[in-house]
Amino acid sequence: MSDSLRFSARQRLKKRDEFQRVFREGKIASDDVLVIHAIWADESEPCGPQNSEAWADQRAFASVTRIGLSIPKKVGSAPVRNRWKRLIREAFRLSQHELPGGLHLVIRPRKGAIPELRRIQASLNRLVPKLHRKLRNRRVDHPRR
RNA sequence: UUGGUUGACCAGACGGUCGCUGCUGCCUUGCGCAGGAGAGGAAAGUCCGGGCUUCACAGGGCAGGACGGUCGGUAACGCCGACCCGCUGCAAGGCGAGGGAAAGUGCCGCAGAAAAGAUACCGCCGAACGGCCGGUCGGCUGCUGAGGAGAGUUCGUAAGCGCGGGUGACAGCCAAGAUAGAACGGAAUUUGUCUCCGACUCCAUUGCUUCGGGGGCAGCUCUCCGAGCCCAUGAAUAAUCCGGGCUAGGCUCCUCAACAGCCGAUCGGUGCGUGGUAAGGGUGAAAUGGUGAGGUAAGAGCUCACCAGCGAUCAGGGUGACUUGAUCGGCUUGGUAAACCCCGUCCGAAGCAAGAUCAAACAGAGGGCAGUUUCGCUCCGGCGGAUGCGACUUGCACCGGUCGCCACGACCUUCGGGUAGAUCGCUCGAGUUCGCAAGUAAUUGCGAAUCUAGAUAAAUGACCGUCGAAGCUGGGCAAGAGUCAAGCGCUCUUGCCCGGUGGGACAGAACCCGGCUUAUCGGUCGACCAACGCG
RNA sequence: UGCCCGAUAGUGUAAUUGGCAACACGACAGAUUCUGACUCUGUUAUUCUAGGUUCAAGUCCUAGUCGGGCAG
38 MSDSLRFSAR QRLKKRDEFQ RVFREGKIAS DDVLVIHAIW ADESEPCGPQ NSEAWADQRA
98 FASVTRIGLS IPKKVGSAPV RNRWKRLIRE AFRLSQHELP GGLHLVIRPR KGAIPELRRI
158 QASLNRLVPK LHRKLRNRRV DHPRR
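Here my numbering runs 37 ahead of the position in the first sequence, where the first position is 1.
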């Protein structure tokens with residue numbers, strides 16, 4: 038993983054199944070700006086032929102933290118929703134190296150919050166490590182999963 | 001200068017750093033590099049119209065929906081332009097679902113005489129017919145009075161006369177009545193006086209008296225009969241009968257006067273019945289043309305003049321909606337169709353999550369694997385036809401068309417459809433810019449140049465710097481006003497300069513296009529109008 | 001993306017073919033009571049917004065706002 042601040046397409050959640058699984062099985066953490074759902078990334082890739090090259094690729098792929106955004110219409114009109122999405126992406130892009138890897142996150146704004154880059158960045162840096170600890174504890178409790 | 005109307009345009013600018021999504025190029029094919037591109041006037045609402053796609057499509061009908069001045073523009077429109085008409089604004093301008101109410105139906109609350117049929121209510125009138133009241137005139141009848149004429153005031157008989165009723169053309173006939181007779185019928189009553197004649201006595205004369213008769217004058221005209229009413233009485237009433245009582249009238253005719261009644265004519269009144277009228281009724285959003293004159297019993301388009309409005313004809317202008325003028329006509333027709341409805345025009349349905357290609361998983365179908373309602377043929381493997389039922393045919397029905405018609409399970413194989421997913425559709429198009437031409441314009445034609453977002457858990461962003469309009473604020477200068485006798489000073493207003501602050505509305509493409517509607521901080525430019533001032 | 005429905009006092013609902021916006025529960029005020037409750041009387045509406053048609057609009061038409069639902 039380089040030090041670049043890129044935010045490419047493979048760092049995003051795109052499939053409907055992935056969103057469903059995060060919402061159904063993930064842990065939740067929130068403050069007054071964001072609400073974040075999280076789950077381990079490698080559990081989302083259970084099957085597939087395990088030839089060596091693709092497997093390594095899968096492992097590398099799974100070590101990357103990916104995010105998805107869920108901005109409901111209640112937040113506001115289309116420009117407001119677009120601004121939320123862009124600011125959350127920007128915040129993740131700028132601080133992606135400080136965050137733990139191997140997670141799938143779905144981020145949504147708290148109702149009534151104001152979209153502002155600094156507050157989103159601070160909230161992200163506070164909530165994601167917290168979720169990471171939660172998930173690691175659960176993995177210790179149930180190692181076979 | 002102030003206030004306003006209208007059209008077009010802009011939608012913070014520049015630079016730097018880190019990113020995102022396509023495209024192109026390159027290589028060492030990556031956890032790439034480089035280049036260049038990347039939201040709007042409304043991208044919005046999804047209200048119309050079209051392209052495109054799939055389905056349906058023999059035909060016509062019904063239903064449903066939309067639209068509605070005229071001409072033009074357009075691929076098309078519910079859009080646009082020009083014009084007409086109406087409303088509105090001092091004006092520039094703005095607004096108009098702007099066909100039909102004399103095809104029909106419905107509705108028009110309250111108020112009001114009446115809300116659409118023309119009449120009815122109040123009112124007005126007294127013309128016409130009738131009623132009532134009054135006056136005048138005429139006729140008839142009655143009564144009273146006056147005058148005149150006549151009759152009765154002895155009895156009886158006979159014949160006859162006269163009145164009324166029925167029938168009948170008349171003559172006549174019939175019946176029977178008496179308020180048609182004191183009157184030419186019957187009964188009763190029946191005065192006074194004068195005069196004449198006659199009689200009575202033995203005779204004569206005269207006178208008187210009496211009686212009878214005739215006449216004159218005066219007086220009188222009763223009663224019975226017959227009419228009406230009341231009381232009492234006996235049987236329920238009434239009538240009759242009995243008893244009692246009261247009232248009026250009375251001979252006839254003629255004339256005159258007064259009065260009364262009836263009839264007729266006429267005049268006046270009343271407005272009672274039949275009538276005439278729609279001028280007036282002040283209510284309402286809306287009231288059956290308006291003004292004036294004539295006319296009338298009173299009135300009325302009843303008549304006339306002018307005006308408004310409707311219709312027709314002719315002429316002028318315009319492609320047309322329409323408009324101008326002249327003549328004529330019936331004399332006047334409520335509103336509402338964004339109520340039903342009628343007329344005219346248009347509309348097949350669904351939509352890029354359309355649709356096309358590839359295609360995991362799961363389910364499914366055929367074959368391995370026999371058997372079908374009926375008829376015909378048959379080489380017995382099948383083939384062809386018919387009927388019925390069911391399903392589908394994308395609003396409905398008919399017609400037409402297509403498909404299916406014994407079941408269960410395992411395995412193998414094949415197959416099509418097709419979900420997740422992927423690719424295409426996907427951005428070269430009624431495209432954009434410029435020029436010329438046609439046209440008042442919308443718009444169109446020609447030529448040249450040019451390619452200008454294409455995402456799909458969904459890009460177009462973040463940060464920094466400089467500049468930057470309005471607004472707020474501090475200072476300075478100038479002008480004006482107030483305060484003051486005046487000046488300075490102070491306060492207020494306006495303009496200019498400098499500094500600080502401020503730091504941008506509505507809003508995010510999702511197949512494309514033409515419109516409409518809605519949202520929007522502000523700014524730029526043009527045209528025009530009104531008022532005021534100056535020249 | 002397409003389609004459908006709704007909005008009326010504080011709350012829940014009515015209002016026929018366009019003609020005085022009604023009912024219940026609340027709230028408030030008054031009466032009754034020594035006081036409270038009960039009871040009685042009264043008050044309480046920009047009919048979501050704007051525009052239009054009409055003499056007259058909750059109702060009809062147009063545009064918008066908000067809410068709810070359905071299909072794939």
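Glycine included, each C-beta is placed from N, C-alpha and C at the ideal position. This one's a predicted model, so the numbers in the text were calculated from it and none came from an experiment.
In the structure shown, residue 111 adopts helical secondary structure according to DSSP, grouped into three states. A contact between stretches requires three or more CB pairs, one per stretch, nearer than 8 Å, and the stretch 65-80 meets this requirement with the stretch 148-158. Cβ neighbours of residue 167 within its own chain (closer than 7 Å, five residues either side excluded): 66.
Annotation for residue 103: the continuous beta strand (DSSP E) segment containing it runs 103-106. Where residue 143 is concerned, the enclosing beta strand (DSSP E) starts and stops at 140-146. Rounded to whole angstroms, the Cβ separation of residue 172 and residue 75 is 6 Å, and the two are in contact under 8 Å. For residue 59, the uninterrupted alpha helix (DSSP H) segment begins and ends at 53-62. When 146, 140, 54 are compared, the shortest CA-CA separation from residue 117 is found for 146. Note on residue 46: under 16 other CB atoms within 10 angstroms of its CB, so exposed under the neighbour-count rule.
Taking 8 Å as the cut-off, the beta carbon of residue 44 is found no closer than this to the beta carbon of residue 143. In summary, residue 42 is exposed, with fewer than 16 beta-carbon neighbours lying within 10 Å of its beta-carbon over all protein chains present.
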